[in-house]
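Working notes for the structure below.
In the working numbering, the protein residues as written are 139 to 207.
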């Protein structure tokens, strides 16, 4: 059942304040998103290159040993 709201309906003030609040919040959020979208256009995300090597520990140990001699 759909209810048609008219100013003489009980709860009209609550209904009106809810609708106005929703529109104000939605408009504010849209304006905020539109202001930061310009900044996000300058950001580029590039996937990193990852290399796995086993000799890192060996290199560190060799450096420590060569310094102690």
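Each residue gets a CB set at the ideal place from its N, CA and C atoms; glycine is no exception.
The DSSP-derived three-state label of residue 189 is coil. Here the C-alpha atom of residue 183 lies approximately 39 Å from the C-alpha atom of residue 158. Secondary structure note for residue 182: it is in no alpha helix (DSSP H), with a DSSP letter that is neither H nor E.
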